[in-house]
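>
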Amino acid sequence: MRNNKAAASAVRSVTVLGATGSIGDSTMDLLRASRDRYQVEALTANTNVEGLAKLAREFGARFAAVADPDRLGELKDALAGTRIECGAGEGAIIEAAARPADWVMAAVSGAAGLKPALAAVDRGATVALANKECLVCAGDFFMQRALKAGACILPADSEHNALFQALGSGNREELVRVIITASGGPFRTWAVADIEQATLAQALKHPNWSMGQKITIDSASMMNKGLEVIEASYLFALAPDEIDVLVHPQSIIHGMVEFSDRSVVAQLGAPDMRTPIAHCLGWPDRIVGPAAKLDLARIGQLTFEAPDFDRFPALRLAYDSLRTGRGATTVYNAANEVAVAAFIGGKIRFGAIARLVEATLNDWIRSGNLAPLSSADDAISVDHAARNKAASLLPQIALKAS
Ligand code: NAD
Ligand code: MG
């Protein structure tokens with residue numbers, strides 16, 4: 016075991032992108048518990064000026080940025096009497112990421128987090144990556160850019176954090192497969208016809224995790240697990256058939272790695288995002304985490320099921336788009352973001368989310384649009400075009416019952 020006394024005493028500068036969200040909240044909670052160890056460089060939010068200003072004041076941040084360009088005046092007023100600099104608009108969020116923090120939490124929701132995450136990557140920062148959509152959107156290009164800049168990407172998503180911890184038990188040549196677990200979401204045992212008609216309130220009732228709205232809906236459709244299969248592929252350079260999904264309703268085992276000698280190494284913990292975030296914050300050492308101690312005797316049973324690719328087509332489409340490559344995962348993510356927004360807006364049924372993603376992917380492939388992504392701009396332009404395509408297909412998908 017390492018001696019981590021030296022690392023524990025050094026003050027670290029940190030930036031939290033998406034500070035007012037669910038992951039942001041868990042991150043601020045950890046920072047709050049060790050105020051003397053962290054200097055907050057920058058905090059960002061989308062529209063929640065009040066929440067952002069409150070955090071910036073509490074932590075004495077140097078810079079606060081809100082994505083909505085119309086809210087600069089509001090933010091300035093909310094920070095009046097402090098020395099906190101502030102900005103508004105996408106450029107200000109990118110500036111927050113580019114400012115010199117040692118450690119950056121990338122927790123913006125959706126592909127909107129790509130450019131800010133890249134700004135942190137490009138200056139060689141340590142980036143705790145919660146924002147899986149940016150990885151799915153930019154493919155392996157994101158990881159290549161991190162390698163080039165000497166950035167350290169730490170997976171904050173619980174399953175990938177578990178894999179990261181377990182992968183250290185063997186070499187690449189000894190790895191057989193990784194297994195990411197899935198709770199199965201609120202519709203795990205539901206029939207297709209019921210899933211089709213599920214309401215927003217039902218989709219937002221996750222059995223184990225408390226999360227932001229978009230990822231909670233993605234968990235109900237198992238799109239979240241699909242995004243995570245793609246995330247695992249890009250993060251750890253794994254082929255699609257080296258990644259398995261296992262439904263585990265208790266969410267205690269987060270990820271496992273099987274090696275050639277048939278040893279399977281797993282990471283366990285209570286379903287609390289503060290554990291993987293604490294792992295990223297402390298890495299390469301370990302800090303004290305606030306989650307409940309794991310009491311397996313009280314839990315009693317851990318159960319497992321194979322995922323159902325028919326009732327949850329989003330998972331099948333993730334493997335398909337990963338195998339297709341050449342921008343298909345960017346399209347998969349973009350179409351899902353449009354579909355989730357349409358579902359929240361009451362424009363489509365729950366079951367139509369996966370149908371819209373499938374229709375957009377099929378149209379994209381048929382139109383001969385597949386091409387390797389060689390830059391962030393490539394990824395962003397595919398993302399925009401796929402959103403437009405998905406939006407144009409929306410009316411016919413909305414009309415079509417399953
Ligand atoms: P959330 O909706 O609770 O918070 C999102 C944050 O991003 C907020 O601070 C919001 O203000 C900001 N934001 C949203 N849109 C933005 C935009 N266009 N520009 C700038 N900022 C914007 O979401 P969350 O649940 O915290 O999830 C954040 C990311 O972490 C997602 O990519 C999600 O998939 C991933 N993740 C979340 C969890 C979880 O438990 N919540 C677990 C694993 C991974
Ligand atoms: Mg996850």
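Position one of the sequence shown corresponds to residue 16 (the numbering used here), numbered consecutively onward.
Glycine is no exception: its CB is placed at the ideal position from the N, C-alpha and C atoms.
Are the CB atoms of residue 129 and residue 153 nearer to each other than 7 angstroms?
Numbered from 1 along the sequence shown, position 114 holds the residue referred to as residue 129. Numbered from 1 along the sequence shown, position 138 holds the residue referred to as residue 153. Result yes, Cβ atoms of residue 129 and residue 153 sit closer than 7 angstroms.
> Can you tell me whether residue 263 is helix, strand or coil according to DSSP?
One-based indexing of the sequence shown puts residue 263 at position 248. The answer is coil: DSSP assigns residue 263 none of H, G, I, E or B.
> Would you report the Cα separation of residue 140 and residue 166, rounded to the nearest angstrom?
Here residue 140 corresponds to residue number 125 of the sequence shown, with the count starting at 1. Here residue 166 corresponds to residue number 151 of the sequence shown, with the count starting at 1. Looking at the two C-alpha atoms, the distance is approximately 5 angstroms.
> Take the Cβ of residue 21 as the centre, count every other Cβ of all protein chains shown within 10 Å, and call the residue buried at 16 or more, exposed below.
As a first step, residue 21 is located in the sequence shown; it is residue number 6 there, counting from the start. Low confidence applies here, because residue 21 scores a pLDDT of 47, under 50, leaving its location unreliable; read the following figure in that light. It counts as exposed.
> In whole angstroms, what is the alpha-carbon distance linking residue 409 and residue 357?
Taking the first residue of the sequence shown as position 1, residue 409 is located at position 394. Taking the first residue of the sequence shown as position 1, residue 357 is located at position 342. C-alpha separation (whole angstroms): 8 angstroms.
> Does the Cβ of residue 147 lie closer than 6 angstroms to at least one heavy atom of the ligand NAD?
Locating residue 147 in the sequence shown gives position 132, where the first residue counts as 1. Yes.
> Are the beta-carbon atoms of residue 317 and residue 267 separated by less than 7 angstroms?
Residue mapping note: residue 317 aligns to position 302 of the sequence shown, counting from 1. Residue mapping note: residue 267 aligns to position 252 of the sequence shown, counting from 1. Taking 7 angstroms as the Cβ cut-off, residue 317 and residue 267 qualify as a contacting pair.
> Residue 123: beta carbon under 6 angstroms from a heavy atom of the ligand NAD?
Start at 1 with the first residue of the sequence shown, and residue 123 comes out as number 108. Yes.
> In the DSSP assignment, find the unbroken alpha helix (DSSP H) run with residue 294 in it and report its ends.
Here residue 294 is taken as the residue at index 279 of the sequence shown, counted from 1. Looking at the DSSP string, the run of the alpha helix (DSSP H) that includes residue 294 is 289-297.
> The alpha helix (DSSP H) spanning residue 37 covers which residue range?
In the sequence shown, the residue the question calls residue 37 occupies position 22. 37-48 is the span of the alpha helix (DSSP H), which, as asked, contains residue 37.
> Indicate, with yes or no, if the ligand NAD has a heavy atom lying under 6 angstroms from the CB of residue 36.
Against the sequence shown, residue 36 aligns to sequence position 21. Yes, the beta carbon of residue 36 sits closer than 6 angstroms to at least one heavy atom of the ligand NAD.
> Measure from the alpha carbon of residue 232 to the alpha carbon of each residue in 400, 46, 360 and 28, then state which is nearest.
Here the question's residue 232 lines up with position 217 in the sequence shown. Nearest option by C-alpha distance: 360.
> If I follow the unbroken beta strand (DSSP E) through residue 232, where does it start and stop?
As a working note, residue 232 is residue 217 in the sequence shown. Premise fails: residue 232 lies in the alpha helix (DSSP H), 228-236, not in any beta strand (DSSP E).
> Could you confirm whether any beta carbon from chain B is found closer than 7 angstroms to the beta carbon of residue 204?
Absent from the structure is chain B; it holds one protein chain and no more.
> Can residue 51 be considered in contact with the ligand NAD, in the sense that its beta carbon sits closer than 6 angstroms to one or more heavy atoms?
Along the sequence shown, read from residue 1 onward, the residue named residue 51 stands at position 36. Residue 51 Cβ: outside cutoff for every heavy atom of the ligand NAD.
> Does DSSP put residue 175 in a helix, a strand or coil?
Locating residue 175 in the sequence shown gives position 160, counting from the first residue. Residue 175 falls in the helix class under three-state DSSP.
> Use the C-beta contact count for residue 26: other C-beta atoms within 10 angstroms, 16 or more gives buried, fewer gives exposed.
The residue labelled residue 26 in the question sits at position 11 within the sequence shown. Flag for residue 26 reads exposed.
> Mind the definition here: the region 347-356 touches the region 381-390 only if three or more C-beta pairs lie below 8 angstroms; say whether that holds.
In short, these stretches do not touch, since the Cβ pair count stays below three.
> When the distance is taken between beta carbons, is residue 238 closer than 7 angstroms to residue 41?
Within the sequence shown, numbered from 1, the residue matching residue 41 stands at position 26. Within the sequence shown, numbered from 1, the residue matching residue 238 stands at position 223. Cβ distance not < 7 angstroms, so residue 41 and residue 238 don't count as in contact.
> Over what stretch of residues does the alpha helix (DSSP H) that includes residue 64 continue unbroken?
Counting from 1 along the sequence shown, the entry for residue 64 is found at position 49. Segment 64-74, the alpha helix (DSSP H) holding residue 64.
> Please go through the same chain and pick out, in chain order, the residues whose beta-carbon is closer than 8 angstroms to the beta-carbon of residue 117, but skip the five residues on each side of it.
Counting from 1 along the sequence shown, the entry for residue 117 is found at position 102. 27, 28, 29, 140 and 141, listed in sequence order.
> Closest to residue 284 by C-alpha separation, out of 276, 304 and 298, would be which residue?
Your numbering for residue 284 matches position 269 in the sequence shown. Checked all of 276, 304 and 298; the closest Cα to residue 284 is 304.
> Can you tell me whether residue 190 is helix, strand or coil according to DSSP?
Here residue 190 refers to the residue found at position 175 when the sequence shown is read from its first residue. In this structure, residue 190 counts as strand in the three-state DSSP scheme.
> For residue 407, report the span of its alpha helix (DSSP H) as first-last.
Counted from its first residue, the sequence shown places residue 407 at position 392. Looking at the DSSP string, the run of the alpha helix (DSSP H) that includes residue 407 is 391-414.
> Under 6 angstroms: does the beta carbon of residue 246 sit that close to some heavy atom of the ligand MN?
The ligand MN is not part of the structure shown, which contains the ligand NAD and the ligand MG as its ligands.
> Check whether the region 388-396 touches the region 367-376, taking contact to mean three or more Cβ pairs, one atom from each stretch, closer than 8 angstroms.
With the cut-off at 8 angstroms, the region 388-396 and the region 367-376 do not touch.
> Would you say the beta carbon of residue 234 comes nearer than 6 angstroms to a heavy atom of the ligand MG?
Taking the first residue of the sequence shown as position 1, residue 234 is located at position 219. Because no heavy atom of the ligand MG lies under 6 angstroms away, the Cβ of residue 234 does not count as near it: no.
> Here's the rule: buried if 16 or more other CB atoms are within 10 angstroms of the residue's CB, otherwise exposed. What is residue 172?
As a first step, residue 172 is located in the sequence shown; it is residue number 157 there, counting from the start. Label assigned to residue 172: buried.
> Quick one: using the 10 Å Cβ neighbour count with 16 as the cut-off for buried, is residue 234 buried or exposed?
Mapped onto the sequence shown, residue 234 falls at position 219. Label assigned to residue 234: buried.
> Going by C-alpha distance, which of 275, 286, 187 and 368 is nearest residue 308?
What you label residue 308 is simply residue 293 of the sequence shown in a count that begins at 1. The shortest C-alpha separation from residue 308 is found at 286.
> Considering only the alpha carbon of each residue, which of 138, 72, 91 and 61 lies closest to residue 127?
The residue you call residue 127 lines up with position 112 of the sequence shown. Measuring from the Cα of residue 127, the nearest candidate turns out to be 61.
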